[in-house]
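If you use the working numbering, the sequence shown corresponds to residues -18 to 332, in order.
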Amino acid sequence: MREVLVIGGTGAQGLPVVKALSSSNQFSVRVLTRDAKSARAQDIAKLPHVSLVEGRQDNQEDLHRAFQGVYGAWVNTDGFTLGEKNELFYGCRAYEIARYQGVQHYVYACTDFALKHANWDENFHWGHNDAKGRVAEYILAQGQDGMKSSVLTTGPYMNMLWDGMFVPTQQPDGTFVWANPAKTGKIPLIALEDIGHYSLWLFNNLPESAGMNLKVATDEVSFADIAAVFTEVTGKKGVHQYMPLEEYLPLAEPFPGALANFAAGPDAVRDDSTMTWRQNFSVWWRYWGEGRAEPRDFTLLNRIHPGRIKSLGEWMKMAHYDGLRKNVLKGPEDLRRAAVSMQNRQTSASA
C-alpha cells in the first residue's frame, strides 16, 4: 500500500482528504502534526492505515523526516499562522525537500491567486492567497520530470455558513441576516464533503492530473443567492444586507490592531511583509464579493466526480442547514482561541 504524507491533515480541508485516502484501501496516510496528542490528531490516528509524525511545517528538519519514504504528498500550508513571507519560503522548500526525498507525486492545496487574477492591481494584494498562488506557479513551472505535481485550487468553504465569516445573524423576528461587504459577485463555494474525492482522483489519475491545476467548486453564488436559497430550502426568511467595509471591519476584527497572522502568537513575523487583519480581509471581501475569481469548469468537475454535491441548495438539504452557528471548522476554532490569548496578552502588557 503506497503511503501519502498529508500536511494540514487536522485542518478543515485536510481532514476529508485523510479520510478519503484512508477509506480507499489504496493508500496509507502519514499526517504531520504539531501535537500528536491533540484531540483532532488522536481522532485521525484511529482511522485505518493512518499514522502520525510530530513536527512543524516551518521546520526543514521536520519536513525532511516527514517526506522520507512516502510515495506521495498532499500539502496545505497554514498561511494564517506562517504569514505571507514564510508561506512562500516553506511552500517552496517543502516541494524541494519532497523532490530530494524521492516523492513521486506532489499535490499542493491552493486558492485563487488574487493579485494575478486582478491583473496585478495592488488593491487586490492579499497575502494569504498570493503566497499560495506564487508557490503553485513555482511548483508547476518545474515540470513533470523526476516528480509529478498537481495543484488543487479551492475557494471559500460552503461549510463557513456554519462556522466562520459567512454565518448569518438571527434577528428577534426570526429573520436570518447576512450583513457583510459582499457585492453582487458570484463566489465559488466548495463543500468540504467533496474535497477528499477530488484529491483521491488526482492521485489515481496521474496521466491526466500531472501538471494540472484542478480548480473546484460546488456552486457559484452571490450572497443574495445564498439568502434566497436558504429561504427556499428552510422556509425561514433570509436576506443579504450590504454593509460598507468601514462599518463591517470594526465589528469583525478579532481585536483592535490585530495582524493577519495573529494566530501564530507573539513570535510570529512582524515586519513590512505582514498585513494587518483589516488589510487582509478588506481584500478578501473585495475579491470574492466582486466575483473576481476564475469561473470553474463544471463540465470537467461532473466528469471527475459524477456524484458530487452540485448546488448550494443540495448541500443545505444534505447538511440540514438551519442558519445557526456550529463549531465545525478547525481554522475558526483556532483563530477564536488565538484572539482571546492575544487580547489577554495586550491587556496584561498595558496594565
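Cβ atoms here follow ideal geometry from the backbone N, Cα and C, with glycine treated the same way.
8 Å Cβ cutoff met for residue i and residue j
i        : j      : result
Val88    : Leu183 : yes
Tyr268   : Ala95  : yes
Tyr309   : Trp143 : Reading the sequence as shown, one finds Val at residue 309 and not Tyr. Yes. Within cutoff.
Asp187   : Leu133 : This sequence places Leu at residue 187; Asp is not what is there. No, they are not a contact pair.
Ala163   : Trp258 : no
Lys15    : Arg37  : Residue 15 is actually Arg in this sequence, not Lys. It is a contact, given that the beta carbons lie within the stated cut-off.
Met256   : Gly108 : yes
Pro237   : Ala198 : no
Gly(-8)  : Asn242 : no
Phe157   : Gly304 : yes
Ala1     : Ser180 : yes
Glu77    : Ala112 : no
Tyr71    : Asp39  : yes
Ala205   : Thr165 : yes
Gly(-10) : Ile25  : yes
Ala75    : Lys129 : no
His30    : Val12  : no
Rounded straight-line distance, which links the Cα of residue j to that of residue i
i       : j       : result
Ala17   : Ser4    : 21 Å
Thr92   : Pro(-3) : 17 Å
Asp102  : Gly272  : 15 Å
Ala122  : Ala209  : 42 Å
Asn161  : Gln222  : 7 Å
Ala47   : Ser254  : 28 Å
His45   : Gly246  : 25 Å
Arg251  : Gly60   : 14 Å
Glu189  : Gly124  : 14 Å
Cys73   : Gly155  : 49 Å
Pro313  : Gly145  : The pLDDT assigned to Pro313 is 48, lower than 50, so where the model puts this residue is not dependable; a value taken from the coordinates is nonetheless given after this. Those two C-alpha atoms are separated by around 6 Å.
Leu230  : Ser263  : 8 Å
Ile120  : Thr212  : 43 Å
Asp278  : Glu201  : 11 Å
Gln82   : Asn283  : 35 Å
Glu227  : Lys97   : 25 Å
Gly216  : Gln152  : 15 Å
His106  : Lys167  : 20 Å
Val34   : Val148  : 34 Å
Ser203  : Leu232  : 22 Å
Ser19   : Met141  : 23 Å
Ala99   : Ile171  : 21 Å
Asn261  : Met224  : 17 Å
Phe8    : Glu234  : 41 Å
Ala300  : His178  : 18 Å
Gln49   : Ser32   : 14 Å
Val(-1) : Ile290  : 19 Å
Own chain partners of residue i with C-beta closer than 8 Å, once the 5 adjacent residues on each side are dropped
i       : result
Gln(-6) : Asn57, Ala90, Thr135, Tyr138, Leu173 and Ile176
Val214  : Gly294, Met297, Lys298 and Tyr302
Asn104  : Val264 and Arg267
Gly127  : Arg80
Lys307  : Trp143 and Asp144
Chain-order list of residues whose beta-carbon lies under 6 Å from that of residue i (same chain, five-residue window excluded)
i      : result
Leu316 : In this predicted model, Leu316 has a pLDDT of only 49, less than 50, meaning its place in the structure is not dependable; the value taken from the coordinates is given anyway. Hits under 6 Å: Ala244.
Ile285 : Trp182
Tyr52  : Arg(-17), Glu(-16) and Gln85
Met193 : Ser131
Ala54  : Leu(-14), Ala79, Val84 and Tyr87
Ser292 : Asp200
Leu240 : Thr255 and Thr257
Gly219 : Phe157, Ala208, Phe211 and Thr212
Thr150 : Val158
Leu28  : Ser3
Residues that residue i bridges to, as DSSP identifies them
i        : result
Ser32    : Arg11
Ser131   : Val88
Tyr138   : Ile171
Val(-13) : Val12 and Trp55
Asp200   : Leu170
Asn194   : Val132
Own chain, CB closer than 7 Å to residue i, minus 5 neighbours either side, in chain order
i      : result
Asn110 : Thr92, Asp93, Phe94 and Ala95
Glu275 : Asp93, His98 and Lys196
Inset, instruction - Report the residue ranges of all alpha helix (DSSP H) runs contained in full by the stretch 76 to 123; include only those spanning at least 4 residues, in chain order. - result: 95 to 98 and 108 to 122
Legend entry - Complete runs of the alpha helix (DSSP H) confined to the stretch 216 to 261 [at least 4 residues]: 226 to 233
Legend entry - Minimum length 3: unbroken beta strand (DSSP E) runs contained in the stretch 142 to 178: For secondary structure counted as the beta strand (DSSP E) over 3 or more consecutive residues, the stretch 142 to 178 holds these complete runs in sequence order: 157 to 161 and 168 to 170.
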